[in-house]
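**Student:**
Structure, rendered in structure tokens:
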């Protein structure tokens, strides 16, 4: 799926099982069938060998595991000569990579030379076996070499499982994020209106007026259809004197704006309120 | 038993394939790709697909049949909630909208005609609808005049949004409105003076505006 | 009854959302988006997700728990058949990349120099860049040594890719027995004894290597 990206990551292909007798490489027309037996790599095959292994540790690990290669049996002169030859060939190849193999050769040479020197048993514990560090590195490398193989086996996206977002029902519209409004924007909008309208009569808007306006809304909500509601319905005495006054003012204001109709059938009888009837039968 | 195990396996493959394909898969597609190695007839595959289809009844997604094949999609019932996964930002409110809203807030209940009278321009239906959809205003009745125009008022949701308990907590304009109006026109010198010390007793809104512009100019 | 109806509704929403989202959704994501209007606790949502998860047992699709949330994906069992849907083969990764990625995953935070020390070779910048582009690794800081080299760590996207919830679900590191490295000469008898065993388990990787280089040389 992400073919381009993956192609970049994919340095080399790993194909798991294949018949083993296919030549490893062709060098001057001759098939090379085997992995190297030791560190002596025919210079012509060096590129192939270097690419087959992840570095000198990997190669060494292979030699130890597979070819029972003995670090102690290295003929140092030959190794040195051989590796100097490689350097010449390496001019066209990855020099950095070659350098790492040379370092390994040098390490092996050093180990060999130190082991060949007569052992002076002065301080037993102090003098570390020169192979110890190499073994430690080989061990550590092998742990992660194995970890990489295991990681490759972990089920992964687009190889062992797949997923794709499913389609959404057609009636599903994106959620619209509504704009925020600051209270001050509202206030300044209102004051803009007031400024513009010079004949605006009720620019003196007091607290009472606003709560009266709110109460007017509430009363209108309470009045449904044509039914009369008793005057007392609208008063909540728990609101105290002020609440009663606001309700009373709201009722007067609604009456003034001809939004409600107030009826009293008898003197001192209950007053009833309903929505103002239609002035003309426009319904 | 063996047969039903096989069927279960086929159903798993079909279900997974239609889900993962990223495009509708037809019976032919299934036969030619994921089921190619099994000797299944088209009608057998159709039955298996139907089985998968039925197993999704009552769930949040369904296997729908389209002209080009089968695909999974979310059920229409959950769309209102699903829409939260994709958001779009609406543009800021216009001045016309804010003025209309403020008139409804301060002068409720009010008709559209009255708003238009004060603002001097027609109020677009879109503005009214947008505010109704937002749940900030509602029709609380009709004015009993010819045409019975709707009376608009604000809702509790409006108060909630602005963090108010009641309308009388809306900032007072008693001082702002008349004074700034008069000052602005008749006494320009005074106006200049006012700009320096507006915090004293003018409306809160002016304080806010001034301090805002100060902070901006820093 | 009413409760179970509600639960069913929540499950439908969760199921549809995770299927349609296009990225893993966490419990927090669900709470903040599709379930925002219901007053559900995180643990209640977690239970609902588990309910959906269980309802998919034995099917071709499963609801998996990943580092960054929940995702529906096809079960691994059916992938051999599903691969027929795509002509392109799944990408294979080089050993260099897998080894580098393993070192970052198991030894994070780690510098490039430290990776090179273990592997014994230089780590190509392409490998690091490719993994960063895929969002699998990121720089989490700099080591306070000369040069202040970047410290690399894996990301939730890395875990998502491998279908894992946390790093401890990665395969355990296999420690190599030190004895298999006795290089020799001093204990020849011991050596001979050991030769029979260690080869067997290193065998497979060698087969891999051989065939790999074969394919390259073609």
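Protein chains in written order, with our numbering: chain A, 24 to 306; chain B, 1024 to 1241; chain C, 1024 to 1241.
The beta carbon of each residue, even a glycine, is placed where N, CA and C say it ideally should be.
Quick check on the burial criterion: 16 or more other C-beta atoms within 10 angstroms. Buried or exposed for residue 78 of chain A?
**Tutor:** Buried is the call here.
**Student:** From the DSSP output, read off the bridge partner residues of residue 297 of chain A.
**Tutor:** Answer by DSSP bridge pairing, in chain order: A:284.
**Student:** Since residue 1144 of chain C meets chain A, which of its residues come closer than 7 angstroms, beta carbon to beta carbon?
**Tutor:** Within chain A, the residues near residue 1144 of chain C are 77, 78, 120 and 123.
**Student:** Tell whether a beta-carbon distance below 8 angstroms holds between residue 1042 of chain C and residue 1037 of chain B.
**Tutor:** In this structure, residue 1037 of chain B does not lie closer than 8 angstroms to residue 1042 of chain C by Cβ.
**Student:** Tell me which same chain residues have a C-beta within less than 8 angstroms of the C-beta of residue 1178 of chain C, skipping the five on either side of it?
**Tutor:** Excluding residues within five positions, the ones whose Cβ falls inside 8 angstroms are 1158, 1159, 1160 and 1161.
**Student:** Taking the alpha carbon of residue 272 of chain A as the point to measure from, which residue in A:297, A:182, A:242 and A:248 has its own alpha carbon closest?
**Tutor:** Minimum Cα distance to residue 272 of chain A is reached at A:242.
**Student:** With H, G and I counted as helix, E and B as strand and the rest as coil, what does DSSP make of residue 1031 of chain C?
**Tutor:** Reduced to three states, the DSSP call for residue 1031 of chain C is helix.
**Student:** Any heavy atom of the ligand ZN closer than 7 angstroms to the CB of residue 1173 of chain C?
**Tutor:** With respect to the ligand ZN, the structure offers nothing, as it holds no ligand at all.
**Student:** If we count the other Cβ atoms within 10 Å of its Cβ and call it buried at 16 or more, is residue 238 of chain A buried or exposed?
**Tutor:** Buried.
**Student:** Have a look at residue 230 of chain A and residue 1111 of chain B and give me their C-alpha separation to the nearest angstrom.
**Tutor:** With a pLDDT of only 47 at residue 230 of chain A, under the threshold of 50, the placement of this residue in the model should not be trusted; the figure read from the coordinates follows. When rounded, the distance between both Cα atoms is 39 angstroms.
**Student:** Taking the alpha-carbon positions, what's the residue 1047 of chain B to residue 198 of chain A distance?
**Tutor:** For residue 1047 of chain B and residue 198 of chain A, the distance between alpha carbons rounds to 26 angstroms.
**Student:** Is the separation between the beta-carbon of residue 1090 of chain B and that of residue 1120 of chain B shorter than 8 angstroms?
**Tutor:** The answer is no: Cβ separation not under 8 angstroms.
**Student:** Residue 186 of chain A touches chain B at which residues, Cβ-Cβ below 8 angstroms?
**Tutor:** The answer, in chain order, is 1042 and 1043.
**Student:** Mapping DSSP to helix, strand and coil, what is residue 1088 of chain B?
**Tutor:** The answer is strand: DSSP assigns residue 1088 of chain B an E or B state.
**Student:** Using a Cβ-Cβ cut-off of 7 angstroms (strictly less than) and excluding sequence neighbours within five positions of residue 1156 of chain B, which residues of its own chain qualify?
**Tutor:** Same-chain partners within the cutoff: there are none.
**Student:** Where do the N-terminal and C-terminal ends of the beta strand (DSSP E) with residue 189 of chain A fall, by residue?
**Tutor:** Neither: residue 189 of chain A is in no beta strand (DSSP E) and is coded neither H nor E.
**Student:** Touching or not, the region 1061-1068 of chain B and the region 199-211 of chain A, by the rule of three or more beta carbon pairs under 8 angstroms?
**Tutor:** Contact fails: fewer than three Cβ-Cβ distances are below 8 angstroms.
**Student:** Could you pull the DSSP bridge partners for residue 252 of chain A from this structure?
**Tutor:** Beta-bridge pairing links residue 252 of chain A to A:296.
**Student:** Would you call residue 1027 of chain B buried or exposed, if buried means 16 or more other Cβ atoms sit within 10 Å of its Cβ?
**Tutor:** Burial call: exposed.
**Student:** Starting from residue 1107 of chain C, find everything on chain B with Cβ-Cβ shorter than 9 angstroms and list it in chain order.
**Tutor:** In chain order: 1040, 1055, 1056, 1057, 1058, 1059 and 1060.
**Student:** Is the region 1166-1183 of chain B touching the region 1097-1108 of chain B, taking contact as three or more C-beta pairs under 8 angstroms?
**Tutor:** Segments in contact, no.
**Student:** Under 8 angstroms Cβ-Cβ, which residues of chain B neighbour residue 190 of chain A?
**Tutor:** Here the neighbours are 1094, 1095, 1096 and 1097.
**Student:** Looking at the C-beta of residue 1203 of chain B, does it have a partner C-beta in chain A at a distance below 8 angstroms?
**Tutor:** Confidence in residue 1203 of chain B is poor, its pLDDT being 35 and thus under 50, which makes the residue's placement too unreliable to answer from.
**Student:** Going by the CB atoms, is the gap between residue 1141 of chain C and residue 163 of chain A shorter than 8 angstroms?
**Tutor:** Cβ atoms of residue 163 of chain A and residue 1141 of chain C: closer than 8 angstroms.
**Student:** On the three-pair Cβ rule with 8 angstroms, is the region 270-284 of chain A touching the region 241-261 of chain A?
**Tutor:** Judged by Cβ distances under 8 angstroms, the region 270-284 of chain A makes contact with the region 241-261 of chain A, as three or more pairs qualify.
**Student:** I'd like to know whether the C-beta atoms of residue 297 of chain A and residue 287 of chain A end up nearer to each other than 8 angstroms.
**Tutor:** No. Outside cutoff.
**Student:** Can you tell me whether residue 1201 of chain B is helix, strand or coil according to DSSP?
**Tutor:** In this prediction, residue 1201 of chain B has a pLDDT of 41, which is less than 50 and means its spatial position is unreliable; nothing more can be read from the coordinates.
**Student:** Find the nearest neighbour of residue 1117 of chain C within the set A:293, A:172, A:161 and A:235, judged by alpha-carbon distance.
**Tutor:** Among A:293, A:172, A:161 and A:235, the Cα nearest to that of residue 1117 of chain C belongs to A:172.
**Student:** Grouping DSSP H, G and I as helix and E and B as strand, with all else coil, what is residue 1116 of chain B?
**Tutor:** If DSSP states are grouped into helix, strand and coil, residue 1116 of chain B belongs with coil.
**Student:** From B:1188, B:1124 and B:1068, pick the residue whose C-alpha is nearest to that of residue 1149 of chain B; which is it?
**Tutor:** Comparing Cα positions, the closest option is B:1124.
**Student:** Of all the CB atoms in chain E, is at least one closer than 8 angstroms to the CB of residue 1104 of chain B?
**Tutor:** Protein chains in the displayed structure are A, B and C, and chain E is not among them.
**Student:** Return helix, strand or coil for residue 277 of chain A, following the three-state DSSP convention.
**Tutor:** The answer is helix: DSSP assigns residue 277 of chain A an H, G or I state.
**Student:** Once you ignore the five residues that flank residue 32 of chain A on each side, which residues in its own chain have a CB closer than 8 angstroms to its CB?
**Tutor:** Unreliable placement is indicated for residue 32 of chain A, whose pLDDT of 41 sits below 50; the coordinate value is still reported in the next sentence. Excluding residues within five positions, none has a Cβ falling inside 8 angstroms.
**Student:** Are there 16 or more other CB atoms within 10 angstroms of the CB of residue 1191 of chain C, so buried, or fewer, so exposed?
**Tutor:** Counting Cβ neighbours within 10 Å, residue 1191 of chain C comes out exposed, since fewer than 16 surround it.
**Student:** Which same chain residues end up closer than 8 angstroms to residue 294 of chain A when comparing Cβ atoms and leaving out the 5 residues on each side of it in sequence?
**Tutor:** For residue 294 of chain A, where only same-chain residues beyond five positions count, the Cβ hits under 8 angstroms are 253, 254, 285, 286 and 287.
**Student:** Are residue 1186 of chain C and residue 1087 of chain C close, meaning C-beta to C-beta below 8 angstroms?
**Tutor:** It is a contact, given that the beta carbons lie within the stated cut-off.
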